[in-house]
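Visitor: Chains as they are written, first to last, in the numbering used here: chain U, 23 to 319; chain L, 452 to 641.
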């Protein structure tokens, strides 16, 4: 079972827990409709659409409204700390929230009480908190972009706003070196999917795949297209693809959806998500087969 | 729940940020005010390397720097600064880069990006970041003209919002035909 946790930008939305569906570009849960825009809503929507195609059970979510004051974030953390062991997810994906080292440490401790350890995926504020608290090695996957990779590579930084200038300004060609730094100082999980002009997939410190095609640079400008990669990866991991393979297929699918949508910098992320089923019909069989072969080698 | 009433077996608060004060009284008052406003805060003795002013500081969540500073200013509390607790931390990023997409410009400040239509000045997208005010600011900013957009420094709470404010500031300068500041990666060093 996939469990997705994070905040949504709706002031006063109480903690909602349960199965989620996607209807007309919105998440529907517990009588609430949440637009599938940038953030955890886009990530969840991508996971739902992918899961529907793969005939997976719809994800369980723990969401709360938070416009930045941290109240909803703390509700999400506290709920998970109390309930994650009894919920017993196979994949736990943590997303937009206030980066809180104390609460992330307590959550990681609570995860150890799960009968079977879930795959732990983190992006956005959850990834910031995990790195800052020195907990990255307890995670299965992070999905940083280039600036966030610089943050992982900077031993002292507790937020991407305080990254060393020389790491932040590293040329794209130095991405492999930053990946090495991140692993060397235990700021990376088992798998890293670094999103950029070239997507890098690293496993246990080694780069095992790169993705450059199709080249859709406009995706970088579109809010939520990093979130959709995390949602895709979450669903593919739940479907049983090995993690590096799930990351590879997620990167390819996201780029191809951008191409299908004829993305411009003004495109909405919902327009990208709506292309996923067509992308899967055309490519997923071939991609997942190559992953299966790769993992069998 | 206040820090004082927490279970003693819980992990101690690690905020990563330190508010420094000229006098002890202000530090004590700040801790109370911040807690009442919903922030996690605790009185600590600042490390020698960071010490300026009095011998008491308030540890806070560094990610909440803009919201905490606004709270202290609105309540008239005099403080000397809010700094990262780790002494080896780099200064706040000032780097801004611009990508030209033909009809649109994308301005990147730190981990945040803001894209606007070159002809109309309308914000068409924001991306990046990971703090909870970012999806809210995305909804607030997209579709607005640069000059009339709500300012993330006034409505946001986190360091991601602060980076988005910088991207918006730079976008405004470019839109108004001003010279770009020398803050890109070709200049300066740590």
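All C-beta atoms, glycine included, are put in the ideal place defined by N, C-alpha and C.
Which residue from U:76, U:67, U:162 puts its Cα closest to that of residue 114 (chain U)?
Guide: That would be U:162, whose Cα lies nearest to the Cα of residue 114 (chain U).
Visitor: Count the other CB atoms within 10 Å of the CB of residue 33 (chain U); is the residue buried (16 or more) or exposed (fewer)?
Guide: Its Cβ having fewer than 16 others within 10 Å, residue 33 (chain U) is exposed.
Visitor: Mapping the DSSP letters down to three states, classify residue 704 (chain L) as helix, strand or coil.
Guide: Past the boundaries of the shown model lies residue 704 (chain L); chain L is included only from 452 to 641, so the question cannot be answered.
Visitor: In this structure, does DSSP put residue 567 (chain L) in helix, strand or coil?
Guide: If DSSP states are grouped into helix, strand and coil, residue 567 (chain L) belongs with the strands.
Visitor: Identify whether residue 573 (chain L) lies in helix, strand or coil by the three-state DSSP scheme.
Guide: Strand, per DSSP.
Visitor: What three-state label does DSSP hand residue 243 (chain U) in the structure shown?
Guide: Residue state, collapsed to three classes: helix.
Visitor: Just the C-alpha distance for residue 614 (chain L) and residue 302 (chain U), rounded to the nearest angstrom, thanks.
Guide: Their backbone Cα atoms lie some 36 Å apart in a straight line.
Visitor: Can you give me, in chain order, the residues of the region 89-121 of chain U that have a beta carbon less than 9 Å from any beta carbon in chain L?
Guide: So the close ones are 89, 90, 91, 92, 93, 94, 95, 96, 117, 118, 119, 120, 121.
Visitor: Between U:125, U:65, U:61, which lies nearest to residue 463 (chain L) when the distance is taken from Cα to Cα?
Guide: When each option's Cα is compared against that of residue 463 (chain L), the closest is U:125.
Visitor: For residue 282 (chain U), verify whether its CB is less than 7 Å away from any heavy atom of the ligand ADP.
Guide: In the structure shown, the ligand ADP is absent, as is every other ligand, since no ligand is present at all.
Visitor: Note down, in chain order, each residue of its chain lying with its Cβ closer than 7 Å to the Cβ of residue 30 (chain U), except the 5 sequence neighbours on either side.
Guide: Same-chain partners within the cutoff: 56, 61, 62, 63, 85, 87.
Visitor: Closer than 8 Å, Cβ to any Cβ of chain L: which residues of the region 157-182 of chain U, in chain order?
Guide: Hits within the stretch, in order: 167, 169, 170, 173, 176, 177, 178, 179, 180, 181, 182.
Visitor: May I ask you to list, following chain order, the residues of the region 564-578 of chain L that have a beta carbon less than 8 Å from some beta carbon of chain U?
Guide: Hits within the stretch, in order: 564, 566, 568, 575, 576, 577, 578.
Visitor: Could you work out which residue in L:585, L:518, L:548 is closest to residue 605 (chain L) when comparing CA atoms only?
Guide: It is L:518 whose Cα lies nearest to the Cα of residue 605 (chain L).
Visitor: Comparing the C-beta of residue 149 (chain U) with each C-beta of chain L, is any distance below 8 Å?
Guide: Chain L contact via Cβ: present.
Visitor: Alpha helix (DSSP H) containing residue 281 (chain U): first to last residue?
Guide: Note, residue 281 (chain U): alpha helix (DSSP H), 265-282.
Visitor: Would you report the Cα separation of residue 541 (chain L) and residue 308 (chain U), rounded to the nearest angstrom?
Guide: Distance between the alpha carbons of residue 541 (chain L) and residue 308 (chain U): 45 Å.
Visitor: Can you check which of these residues, U:54, U:136, U:176, U:196, is closest to residue 206 (chain U) by C-alpha distance?
Guide: The residue with the shortest Cα to Cα distance from residue 206 (chain U) is U:176.
Visitor: Within its chain, find whatever has a CB closer than 8 Å to the CB of residue 457 (chain L); leave out the 5 residues flanking it on each side and keep chain order.
Guide: Low per-residue confidence applies at residue 457 (chain L): pLDDT is 42, beneath 50, and the placement is therefore not dependable, though the value from the model is reported in the following sentence. So no residue of the chain qualifies.
Visitor: Compile a chain-ordered list of the residues in the region 40-71 of chain U whose CB is closer than 9 Å to at least one CB of chain L.
Guide: So the close ones are 57, 59, 60, 61, 62, 63, 64.
Visitor: Let me know if residue 300 (chain U) comes out buried or exposed under the rule of 16 or more other beta-carbons within 10 Å of its beta-carbon.
Guide: With fewer than 16 Cβ atoms within 10 Å of its Cβ, residue 300 (chain U) is classed as exposed.
Visitor: I need the straight-line Cα distance from residue 211 (chain U) to residue 164 (chain U), nearest angstrom please.
Guide: Roughly 6 Å separates the two Cα atoms.
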